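Protein chains in written order, with full-length UniProt numbering: chain A, 1 to 248; chain B, 1 to 338.
Below, the structure is given as C-alpha cells:
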C-alpha cells in the first residue's frame with residue numbers, strides 16, 4: 001500500500017494553547033480508495049482534515065503526497081495539490097450568491113473583472129450535473145435550506161476535480177434521497193481514481209461506500225481495518241474503546 | 001420538486017428582477033432623499049437652483065471621497081474612526097510643505113503617501129496584529145491629530161493662493177468644482193472595485209464569514225489591510241482638498257468628520273455588521289448628510305444646529321441599519337478580535 005499511496009500522514013500533532021488536539025496521527029489513502037475516518041466527538045477528525053486542507057498548520061509530523069513531502073502554509077497550497085474538502089461548517093458566505101460561493105477564490109475573469117455571465121452559466125451547469133436543486137445561481141446562500149447549502153458545498157469541492165476529496169459530515173443536513181446521491185457521487189469519483197476521506201456518524205454509510213476505516217481516539221489514530229473485516233458492533237466497540245483487548 | 005426529469009437542468013442562471021436584487025434600505029433612503037429635496041425646494045426657493053446644486057456637490061465631495069473607501073472597510077465588518085484626524089494631518093502637512101517651498105506636484109504625492117501610510121499602520125495593527133480596528137483607529141485618531149497639533153502648535157498655516165494646490169480648490173469644469181469631479185471619479189472607481197472585481201467579492205465575503213473566504217485560499221488579512229489603506233488614502237485626498245479649498249491647513253479641521261462619513265455609508269444601506277456593501281447607497285447617504293447641512297444653512301438656522309442634526313441622523317441611520325439586532329451585538333462585533 002505504502003508505495004502506491006496518494007496521501008500519507010505520519011505522526012501529525014497539533015496543539016491549541018494547552019490543549020493537545022492531535023497527539024500523533026498516522027493515516028494513508030490510496031488512489032481510488034474510500035477511507036472512512038471515525039471516532040467520538042473531540043477525537044480530532046475535523047482538526048486532522050483541516051491540517052490536510054491547509055486551513056490550520058500542524059506542529060510536527062509529515063504529510064506526503066505522491067511520495068513528496070509537503071507542508072501547507074495556507075488553504076491555497078492544499079488546493080494547488082488538488083485536495084478538495086467539504087468542511088463540517090460548509091465554509092460558505094451567507095451574503096454572497098450561489099455562483100460566487102461556488103467559485104470563491106477562483107472567479108472566472110475577463111481582464112481584471114469577474115466574468116459574471118460565465119460564472120453563473122458554469123455554476124448552473126456544475127450544479128445541474130450534480131443534480132443539486134437550487135432555483136437560481138443568483139440566490140443568496142443565506143436564503144437556502146440546510147440541504148441545499150450542503151449540496152452547494154459538495155458541488156464546490158467536486159468541481160475542483162480534486163485528487164483527494166475530504167468530506168466532513170457531508171450528509172448531516174440531507175434528506176434520505178439526497179444522502180443516496182452523495183454516496184453515489186462518492187463511488188463515482190472514487191472510480192475515477194480520486195482518493196476519498198469520509199467522516200460521518202452514519203455508520204451504515206461507511207459500510208456502504210468505504211474500503212477501509214481508520215479510527216481515531218483522543219487525538220491518535222488507533223485502528224486501521226479493511227471494511228470487509230468489520231461489522232457494525234465491532235466498529236462501535238473500536239470507536240468507544242469499550243473492548244480494549246481487541247486492539248491488536 | 002415533484003416531477004423528476006433527469007435531463008432538464010435543476011439550476012438556472014437567470015437574473016432575478018431589479019426589485020429582488022435592490023438593497024431595500026438603499027431604496028428607502030432614495031425615497032428620503034427625494035422627500036428632502038422636495039421639502040427644502042419648497043421651503044428655500046434658492047435650493048433647487050443650478051448654482052446651489054453645484055455648491056452642494058462641492059460640499060458633499062470630500063465626505064463622499066472618504067465614504068467610498070469607508071464602504072469597503074464597513075463591508076468587511078471593520079470600522080475606521082481615524083479619517084478625520086488623517087484629514088487634519090494631511091491638510092496641515094500640505095500647508096507646511098507648501099510653506100517650506102516644495103513644488104505642488106511633490107506635495108500632492110507626499111500628501112497621498114502620508115494618508116496611505118496612516119492607513120497602512122491601521123491596517124497592519126488590526127489585520128495582522130489582530131487588534132480590533134475599532135480600538136486601533138480610536139487610538140490612532142488621537143495620535144494622528146496630536147501630531148498635527150504639535151507640528152503647528154495649534155496655528156492655522158496659510159497657503160499662497162497662487163500655488164497649483166490652492167487653485168485646485170477653486171477650479172471649475174462645466175459648472176462643477178474640481179472637487180465634485182474628483183468625487184465622481186472616486187465613486188466610479190469604488191463601484192467598479194466593489195461590484196465588478198474579485199476584491200469586492202472578497203470584501204463582501206469577509207464581512208459575511210471571514211473564515212470561509214480564508215479557507216477558499218484568499219489572504220483575508222491582506223484584503224482587510226488594503227481596505228484600511230484605502231480609507232487612509234481617501235482621507236489623504238480629502239485632507240489635500242480641504243487645505244486647497246480653505247486656503248490653509250489646520251490641525252483642527254475634520255473634527256467629527258469620521259461620524260459624517262460613517263453616517264453617509266450606513267444611511268446608504270451598507271450593513272454595519274458587514275457582508276453587504278452598496279456604493280449607490282453611499283452616494284445617497286453622502287447626499288443626504290450634505291443636503292441636510294446645505295438646506296439648514298439656506299433656511300438661515302443657526303450653524304450650531306448642523307452637528308446636532310448630523311448626530312441625530314447618524315443615530316437614526318444606525319437604528320434603521322440594526323434591523324432588530326441590538327446595539328450591544330454591534331459593539332461586541334466591532335471590538336472582537338478576528
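Built from N, CA and C at the ideal position, the CB exists for glycine as well. The model shown is predicted, which means the values in this text are computed figures rather than measured ones.
From the options, pick the residue whose C-alpha is nearest to that of residue i; which is it?
{"i": "residue 269(A)", "options": "220(A), 226(A) and 218(A)", "result": "No information on residue 269(A) is available, as it lies outside the stretch 1 to 248 that chain A covers here."}
{"i": "residue 85(B)", "options": "122(B), 61(B), 110(B) and 215(B)", "result": "122(B)"}
{"i": "residue 223(A)", "options": "15(A), 36(A), 6(A) and 31(A)", "result": "36(A)"}
{"i": "residue 285(B)", "options": "41(B), 15(B) and 63(B)", "result": "63(B)"}
{"i": "residue 69(B)", "options": "279(B), 321(B) and 316(B)", "result": "279(B)"}
{"i": "residue 100(A)", "options": "308(B), 329(B), 183(B) and 204(B)", "result": "204(B)"}
{"i": "residue 124(B)", "options": "114(B), 115(B), 113(B) and 136(B)", "result": "136(B)"}
{"i": "residue 28(A)", "options": "181(A), 154(A), 64(A) and 165(A)", "result": "64(A)"}
{"i": "residue 8(A)", "options": "51(A), 121(A), 16(A) and 98(A)", "result": "51(A)"}
{"i": "residue 387(B)", "options": "251(B), 267(B), 58(B) and 298(B)", "result": "In the structure as shown, chain B starts at 1 and stops at 338, and residue 387(B) therefore has no counterpart that could be examined."}
{"i": "residue 144(B)", "options": "255(B), 247(B), 104(B) and 246(B)", "result": "255(B)"}
{"i": "residue 281(B)", "options": "178(B), 302(B) and 265(B)", "result": "265(B)"}
{"i": "residue 315(B)", "options": "287(B), 260(B) and 232(B)", "result": "260(B)"}
{"i": "residue 32(A)", "options": "188(A), 206(A) and 229(A)", "result": "188(A)"}
{"i": "residue 108(B)", "options": "321(B), 155(B) and 237(B)", "result": "237(B)"}
Below 7 Å CB to CB, which residues in the same chain sit around residue i once its five sequence neighbours on both sides are set aside?
{"i": "residue 34(A)", "result": "186, 190, 196, 198, 209, 210 and 211"}
{"i": "residue 87(A)", "result": "168"}
{"i": "residue 174(A)", "result": "147, 150 and 182"}
{"i": "residue 131(A)", "result": "181"}
{"i": "residue 238(A)", "result": "215 and 223"}
Provide the residue(s) that pair with residue i in DSSP beta bridges, ordered along the chain.
{"i": "residue 16(A)", "result": "19(A)"}
{"i": "residue 97(B)", "result": "Paired residues: none, contrary to the question."}
{"i": "residue 172(B)", "result": "177(B)"}
{"i": "residue 35(A)", "result": "197(A) and 212(A)"}
{"i": "residue 356(B)", "result": "The first residue shown for chain B is 1 and the last is 338, placing residue 356(B) beyond what the model contains."}
{"i": "residue 113(A)", "result": "110(A)"}
{"i": "residue 169(A)", "result": "Per DSSP, none; premise fails for residue 169(A)."}
{"i": "residue 60(A)", "result": "13(A)"}
{"i": "residue 136(A)", "result": "12(B)"}
{"i": "residue 65(A)", "result": "7(A) and 68(A)"}
{"i": "residue 27(A)", "result": "9(A)"}
{"i": "residue 220(A)", "result": "217(A)"}
{"i": "residue 109(B)", "result": "Note: residue 109(B) sits in no beta bridge, so no partner."}
So, at 6 Å on beta carbons, what are the nonlocal neighbours of residue i in its own chain, with the 5 sequence-adjacent residues on each side left out?
{"i": "residue 82(A)", "result": "162 and 163"}
{"i": "residue 156(A)", "result": "102"}
{"i": "residue 227(B)", "result": "72, 73 and 76"}
{"i": "residue 247(A)", "result": "Residue confidence for residue 247(A) is low, a pLDDT of 46 falling below 50, so the modelled location carries little weight; the figure read from the coordinates is stated next. For residue 247(A), where only same-chain residues beyond five positions count, there are no Cβ hits under 6 Å."}
{"i": "residue 220(B)", "result": "206, 210, 213 and 214"}
{"i": "residue 175(B)", "result": "54"}
{"i": "residue 258(B)", "result": "81, 83 and 84"}
{"i": "residue 298(B)", "result": "44 and 47"}
So, is residue i buried or exposed, given that buried needs 16 or more other C-beta atoms within 10 angstroms?
{"i": "residue 68(A)", "result": "exposed"}
{"i": "residue 133(B)", "result": "buried"}
{"i": "residue 80(B)", "result": "buried"}
{"i": "residue 34(B)", "result": "exposed"}
{"i": "residue 150(A)", "result": "buried"}
{"i": "residue 167(B)", "result": "exposed"}
{"i": "residue 107(A)", "result": "buried"}
{"i": "residue 201(B)", "result": "buried"}
{"i": "residue 141(B)", "result": "buried"}
{"i": "residue 4(B)", "result": "For residue 4(B), the predicted structure reports a pLDDT of 40, less than 50, and the residue's modelled location is therefore unreliable. A value from the coordinates is still provided. Label assigned to residue 4(B): exposed."}
{"i": "residue 6(B)", "result": "Only weak support exists for where residue 6(B) lies, its pLDDT of 42 falling under 50; the coordinates are left without a value."}
{"i": "residue 118(B)", "result": "buried"}
{"i": "residue 130(B)", "result": "exposed"}
{"i": "residue 100(B)", "result": "exposed"}
{"i": "residue 128(B)", "result": "exposed"}
{"i": "residue 223(B)", "result": "buried"}
{"i": "residue 1(B)", "result": "Residue confidence is low: residue 1(B) scores 36 on pLDDT, short of 50, so the model does not pin down where it sits. Its coordinate-derived value is still stated next. Residue 1(B) should be labelled exposed."}
{"i": "residue 58(A)", "result": "buried"}
{"i": "residue 137(A)", "result": "buried"}
Are residue i and residue j closer than 8 Å when you measure CB to CB?
{"i": "residue 152(A)", "j": "residue 92(A)", "result": "yes"}
{"i": "residue 275(B)", "j": "residue 89(A)", "result": "no"}
{"i": "residue 249(B)", "j": "residue 96(B)", "result": "yes"}
{"i": "residue 40(B)", "j": "residue 291(B)", "result": "yes"}
{"i": "residue 111(B)", "j": "residue 93(B)", "result": "yes"}
{"i": "residue 29(B)", "j": "residue 311(B)", "result": "no"}
{"i": "residue 195(B)", "j": "residue 87(B)", "result": "no"}
{"i": "residue 61(B)", "j": "residue 179(B)", "result": "yes"}
If I measure Cβ to Cβ from residue i and keep anything under 8 Å in the same chain, skipping five residues before and after, which residues do I get?
{"i": "residue 216(A)", "result": "25, 37, 38, 39, 43, 44, 45, 48 and 222"}
{"i": "residue 70(A)", "result": "63, 64, 77 and 81"}
{"i": "residue 240(A)", "result": "40"}
{"i": "residue 20(A)", "result": "13, 14 and 219"}
{"i": "residue 204(A)", "result": "232"}
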